[in-house]
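Using this note's numbering, the first residue of the sequence shown is number 76, and each one after it goes up by one.
Where a beta carbon is used, it is the ideal one built from N, C-alpha and C, also for glycine.
What follows is one structure encoded as C-alpha cells, with my remarks underneath.
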Amino acid sequence: MKFLRALLLTAVMFGLGYTAAARWLFPAAADPTDVDFTEVPDLTGTPLAEAEQQLAALGFAALERGRLSHAGIAAGAVVAQNPLPGQTTQTGDTVFLTTSAGVETRVVPDLGGLPTADAATLLTRLGFEIDIEDVEVAPAAGAIRTEPEAGARLTLPASVRLFVSRGRAIVTVPDLRGRHVDDLEALLEEVALRLGAVRYQADARDVQGRVVFQSPEPGSPLRGYGLVSVIVAGTPPDTPPDTPPDTPPDTVSRMER
Numbered sequence: 076m077k078f079l080r081a082l083l084l085t086a087v088m089f090g091l092g093y094t095a096a097a098r099w100l101f102p103a104a105a106d107p108t109d110v111d112f113t114e115v116p117d118l119t120g121t122p123l124a125e126a127e128q129q130l131a132a133l134g135f136a137a138l139e140r141g142r143l144s145h146a147g148i149a150a151g152a153v154v155a156q157n158p159l160p161g162q163t164t165q166t167g168d169t170v171f172l173t174t175s176a177g178v179e180t181r182v183v184p185d186l187g188g189l190p191t192a193d194a195a196t197l198l199t200r201l202g203f204e205i206d207i208e209d210v211e212v213a214p215a216a217g218a219i220r221t222e223p224e225a226g227a228r229l230t231l232p233a234s235v236r237l238f239v240s241r242g243r244a245i246v247t248v249p250d251l252r253g254r255h256v257d258d259l260e261a262l263l264e265e266v267a268l269r270l271g272a273v274r275y276q277a278d279a280r281d282v283q284g285r286v287v288f289q290s291p292e293p294g295s296p297l298r299g300y301g302l303v304s305v306i307v308a309g310t311p312p313d314t315p316p317d318t319p320p321d322t323p324p325d326t327v328s329r330m331e332r
C-alpha cells in the first residue's frame, strides 16, 4: 500500500510540474477576436497638431514621416497618410502622416551662351518643364534667352520656353589669292563671310594691292559671318611715298627762282 500511495503521489506531482512548465514556456495565444478595430479618418488638409489630437482621441498614435511641396494645401497640413482614409486598423496602431511644405518656387536662371543640352538639363533639374524653340538670330549655337526671362520667380509646377540657336550655316572659304584688296569685302559678303585683319608685305611690289596669303585657307569650312584675314602685297594705301635720297634741300627754292 505504501508503495502505491508513493507512486500515486509521484504521478500527481509530475503532472502539476509539467502543466506549470508548459504554461510558462508556451503561453496561450491571445484571442484574435478580442481586438478593437477603428476606422482611420480622412486627415487631408488638417493641420498636423489637430490631426494628432483626432488620432489620439481614437486611440491611435501619430508620426510625421516627411514633408512634400504642395500648391493646394497650406504648409504644415496633412497631404498624405498611411493607413488610407476609411481603412480600419487596430486601436493603438501608428498612423503615418506626410505634411505639406507649402508652395515651392524657383528662379529662372540666366542661360545665355550655354550649350543647348546644358541649358535644358539645368532647367529640368530645377523642376521646370521645358519647351525648346529654334531661332536663327545668333551666330553661335546655344541658348539665347528664356520666356519668362531670367530672374523671374515661378511657382512649381511651371513651364519655361528655351530659345536656342543652331548657329550660322557652315560655308566654304573662297580663294582670295591674287584678288585686289579693294574687292575683298564684296567677295566675302557674297558667301556670308567678313574681312578680318589686313596686313601688307612691302617686298612684294610686283603684285601691289593683291592678296598673297589668306587665313583660313581656300576651301576651309567656316561658320557664316566668320572672319577671313589676308596679307596683301605692297604697302598700305595711306603710306606716304619715299623721298628721293639725292634731292638737294634747296631744289624747290632754286626752281622757283
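query: Rounded Cβ spacing between Asp-258 and Val-239 (contact assumed at less than 8 Å); result: Between Val-239 and Asp-258 the Cβ distance is about 37 Å, and since that is not below 8 Å, they are no contact.
query: DSSP state of Val-183 mapped onto helix, strand, coil; result: coil
query: Own chain, CB closer than 6 Å to Gln-162, minus 5 neighbours either side, in chain order; result: Val-115
query: Cβ-based neighbour list, Phe-66, same chain, cut-off 6 Å, excluding 5 preceding and 5 following; result: Residue 66 falls outside the range modelled here, since the chain spans only 76 to 332, and no answer is possible.
query: Length of the line joining the Cα atoms of Glu-222 and Leu-118; result: 39 Å
query: Identified DSSP bridge partners for Glu-264; result: DSSP, once it has assigned bridges, lists no residue as partnering Glu-264.
query: Distance between Ala-194 and His-145 (C-alpha atoms, nearest Å); result: 26 Å
query: Contact check, Ala-225 vs Asp-250, beta carbons under 9 Å; result: no
query: Distance between Ser-175 and Ala-150 (C-alpha atoms, nearest Å); result: 5 Å
query: Nearest candidate by alpha-carbon position, reference Arg-142, set Leu-133, Ala-155, Phe-135 and Ala-131; result: Ala-155
query: Element boundaries [beta strand (DSSP E), containing Leu-270]; result: 269-276
query: Segment contact flag, the region 194-204 with the region 163-173, C-beta cutoff 8 Å, min 3 pairs; result: no
query: Leu-172 vs Leu-123 beta-carbon contact at 9 Å; result: yes
query: Close beta carbons around Arg-140, own chain, < 8 Å, minus the five adjacent residues each side; result: Phe-171, Leu-172 and Thr-173
query: Under 9 Å between C-beta atoms of Gly-217 and Leu-262; result: no
query: Interface flag, Ala-279 vs chain D, CB-CB below 9 Å; result: Considering every chain present, this structure includes no chain D. It has just one protein chain.
query: Coarse secondary structure for Ala-126, derived from DSSP in three states; result: helix
query: Gly-120 and Ile-148 closer than 9 Å at C-beta; result: yes
query: Buried or exposed (CB count within 10 angstroms, at least 16 for buried), Phe-203; result: buried
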